[in-house]
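Residue numbers (our numbering): 48 to 161. A short write-up of the structure that comes next.
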Amino acid sequence: MIKIEAIVREEKLEDIKEALSKVGVNGVTVSQVMGCGKQKGYKELVRGTEVNITMLPKIKFEIIVSSEEWEEKTIRAIQEAAYTGKPGDGKIFSYDLRNVLRVRTKETGTIAIN
Ligand SMILES: Nc1ncnc2c1ncn2[C@@H]1O[C@H](COP(=O)(O)OP(=O)(O)OP(=O)(O)O)[C@@H](O)[C@H]1O
Ligand SMILES: [Mg+2]
């Protein structure tokens with residue numbers, strides 16, 4: 048099982064939700080987060096010096112999938128829906144996940160996410 052975490056532009060929320068449902072992703076967690084990438088939010092000149100003003104609001108998607116095939120499909124869908132080509136489009140992380148337990152049935156592993 049693989050966990051995919053995508054941190055993207057707020058205004059892409061609906062597009063990404065739609066792209067994920069087209070792919071057939073079952074479960075998703077979405078949160079509002081703050082963050083910065085290599086531009087550190089945005090910079091402004093203050094008395095001639097560039098300073099770091101703030102972190103920017105972003106949306107985080109968390110999705111657990113059962114295989115590398117699903118990982119690929121899911122990441123491709125997010126990348127395409129999140130893309131504008133400008134700095135700040137976001138990042139997508141994926142990593143191995145140890146286990147899942149569905150509370151209602153006590154099912155574990157891939158059965159619990161399908
Ligand atoms: N190395 C990182 N670790 C954790 N979160 C990160 C990291 N890089 C980016 N993020 C998160 O992703 C969000 C979007 O990052 P962003 O798209 O600005 O990345 P970037 O590396 O600066 O690429 P770009 O040059 O396209 O802006 C950040 O606000 C932050 O929440
Ligand atoms: Mg950036």
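Beta carbons are placed, not taken as given, at the ideal position from N, Cα and C, and that holds for glycine.
- Residue pairing for E52: DSSP places it in a beta bridge opposite E109, F140.
- Burial check for V150: the Cβ neighbour count within 10 Å stays below 16, so the residue is exposed.
- For the 8 Å CB-CB criterion, E109 and T76 form a contact.
- Put simply, the backbone Cα of E115 is about 7 Å away from that of I49.
- Taking non-hydrogen atoms of ligand 2 into account, the C-beta of Q126 is found less than 7 Å away from none of them.
- Judged by DSSP in its simplified three-state form, G71 adopts coil rather than helix or strand.
- Here K153 has no same chain residue with a Cβ atom under 8 Å from its own Cβ, once five neighbours each way along the sequence are excluded.
- In the structure shown, Q79 falls within a strand segment according to DSSP collapsed to helix, strand and coil.
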